[in-house]
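Residue numbers (the UniProt record's numbering): 1 to 591. Here's the structure, in structure tokens; my notes come after.
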């Protein structure tokens, strides 16, 4: 059986590069050791292979259905897997001991979660959303809200969701119409409809905790009027709340995760005959979007990890297939009766495998690097280190979400290509990985939204301090690489980094935001390639003076990325530097 992830690569990134063992000196992680980190990784790999991977294709083929009574029917394997996950205490892995958590470093917890995301993206979505939900309430909720909702979620008795989008609004949260009316007892009554709500209804747990964005009275227009509410499917005491499953969305991939249209306060399940689902305010009124961004930013990095995991498992399976499938003969072979060679003997197949390796291993490095920044901002003793970690994480988050969603999806496409015609059939797993991964460029903010966020906000905030911090971090790696004799890699990365800093300044010097942002997605892609090249240069430094196939593989993947991928940035920067108006000047009537 093919592993769904490379434990060797994870160990290299965690211990030989990011030095997560150094975190053990911090008070929060003092009860841990390398042995406890490894034990968690061993447990997750075992559970992923035993309980998650076996039903991946089954849950894809037998997706959840809505019964006539409005409940959800799904295969039993999903609950069996999630019960095992919850019993192991993994939902609580990052949380404080005071609420039953393990206090694992985020870096280790996210590496551990990747096993489940690779083994079964759909089933892994339920705890993934629950962790983000619980983390938000633990940060901004009251003590009673933590007791009522966080603790049961960490025990696996409740699962959580995030309810932002609406049928008419999509990603434009300023246009949501869900309303919340204050009640005399301090609760609220919510009415409205939410769309595309993953894990929005199921029978997997005792309760479902919805975090819902709605507009309360007295708020300003647009996003300034948005508040955040806890709206449980079942109220404290067990009474059904007025949250109704209207329908299930049937998707291209991730079919095992229920994706729902929910009605809040339509009267179907009113607990007392009054209109409106009962909700409880999180934090202060009209600050809901800022609270929700806490969950969204965590989810965005998590989506990046999901894309990485799906790209990685597809890569590993295409490597295995290329080594055992024989087809064709070596160039120059004259004897037509000679034995065919394995696919991996063909240069073009090796090109496709190298491309996949460079994408998935580069992206995994970025995801774990961002996770290490979370640990720094949360636990570093130095306030300056904390502040810099937060700032750099802000800049990298749109890249950590979008770059893997684009290029690990391309890795899945190449995995299908390596399999040839068989890859396009359901007999092999790689076609499903592609379908499952195709969601990731869309949800939690599309590529276009991430590009606007990066160029419109993140690289300009604090007078460009975030961009300069990123440029400075890359420059430090460049100098270390030059000292290590890696100038062939350091110099082109340095040139690309300096140029994108100049291009950024030039775009905003136009004084026209429409022109500056017209090609923000190209900017996102160029910056992403530069950041991944940085990740590869970091890995090259980490493998210096080490020998063996694993380290040589790292060197060759880095060589591929710098020879084949980083040069793509040049033409993209040319377009950006020209302040091209092609998209702005396109008349809608021409389409």
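Even for Gly, the Cβ is constructed at its ideal location relative to N, Cα and C.
- In this structure, residue 161 and residue 197 form a Cβ contact; the two beta carbons are roughly 6 Å apart against a cut-off of 8 Å.
- Nearest C-alpha to residue 574 among 318, 536, 47, 500: 500.
- Every beta strand (DSSP E) stretch that sits fully inside the stretch 137–185 and reaches 3 residues is listed by chain position as 158–163, 179–182.
- Listed in chain order, the alpha helix (DSSP H) elements of length 4 or more contained wholly in the stretch 493–518 are 513–517.
- Restricting attention to 411, 550, 9, 200, the CA atom closest to the CA of residue 245 is found in 200.
- Separation of residue 436 and residue 5 (C-alpha to C-alpha, rounded to the nearest whole angstrom) is 17 Å.
- Burial of residue 539 is indicated by the presence of at least 16 other C-beta atoms within 10 angstroms of its C-beta.
- Taking 8 Å as the cut-off, the beta carbon of residue 209 is found no closer than this to the beta carbon of residue 295.
- Counted as a single uninterrupted DSSP element, the alpha helix (DSSP H) harbouring residue 403 occupies residues 383–419.
- Comparing alpha carbon positions, the residue from 431, 524, 438, 309 closest to residue 398 is 524.
- Within its own chain, the residues whose Cβ lies closer than 7 Å to the Cβ of residue 241, once the five positions on either side in sequence are excluded, are 231, 232, 233, 234, 235, 269, 271, 277, 278, listed in chain order.
- Beta-carbon to beta-carbon, residue 122 and residue 2 are separated by about 19 Å, too far to satisfy the 8 Å threshold.
- With contacts defined as CB atoms closer than 8 Å, residue 536 and residue 311 fail to qualify as a contacting pair.
- Annotation: residue 167 to residue 125 spans about 22 Å, alpha carbon to alpha carbon.
- A Cβ-Cβ distance of about 22 Å is found for the pair residue 41 and residue 134, leaving them out of contact under the 8 Å criterion.
- In summary, residue 564 is exposed, with fewer than 16 beta-carbon neighbours lying within 10 Å of its beta-carbon over all protein chains present.
- Here residue 288 is buried, its C-beta having at least 16 other C-beta atoms within 10 Å.
- Membership of residue 527 in the alpha helix (DSSP H) is indicated by the continuous run 520–542.
- Taking a C-beta distance under 8 Å as the contact criterion, residue 219 and residue 286 qualify as a contact pair.
- Sequence-distant Cβ neighbours of residue 156 in its own chain, meaning closer than 6 Å and more than five residues away, are 86, 91.
- Taken through DSSP and simplified to helix, strand or coil, residue 188 comes out as strand.
- Between residue 260 and the set 227, 174, 72, the nearest pair of CA atoms involves 72.
- DSSP lists 161, 231 as the beta-bridge partner residues of residue 210.
- Residue environment analysis places residue 584 among the exposed positions, since fewer than 16 neighbouring C-beta atoms fall within 10 angstroms of its C-beta.
- Under the DSSP assignment, residue 277 falls in the beta strand (DSSP E) whose first and last residues are 277–281.
- For residue 469, the enclosing alpha helix (DSSP H) begins and ends at 461–483.
- Shown here, residue 135 sits in a helix according to DSSP, grouped into three states.
- The alpha helix (DSSP H) runs lying completely inside the stretch 249–331 and spanning 4 residues or more are 288–324, given in chain order.
- Around residue 145, the same chain offers 137, 230, 280, 282 as residues with beta carbons nearer than 8 Å, after the five sequence neighbours per side are excluded.
- Our two residues, residue 316 and residue 49, have alpha carbons roughly 15 Å apart in a direct line.
- Distance from the CA atom of residue 95 to the CA atom of residue 343, rounded to whole angstroms, is 46 Å.
- Boundaries of the alpha helix (DSSP H) around residue 449: 447–453.
- Two segments are said to touch when three or more pairs of C-beta atoms, one from each, lie closer than 8 Å; by this definition the stretch 102–110 touches the stretch 21–33.
- Classified as buried, residue 114 has 16 or more neighbouring CB atoms from the shown chains inside 10 Å of its CB.
- If the five residues before and after residue 430 are omitted, its C-beta is found closer than 7 Å to the C-beta atoms of 314, 317, 318, 412, 415, 416, 419, 423, all from its own chain and listed in chain order.
- When the beta-carbon positions are compared, residue 174 and residue 222 come within less than 8 Å of each other.
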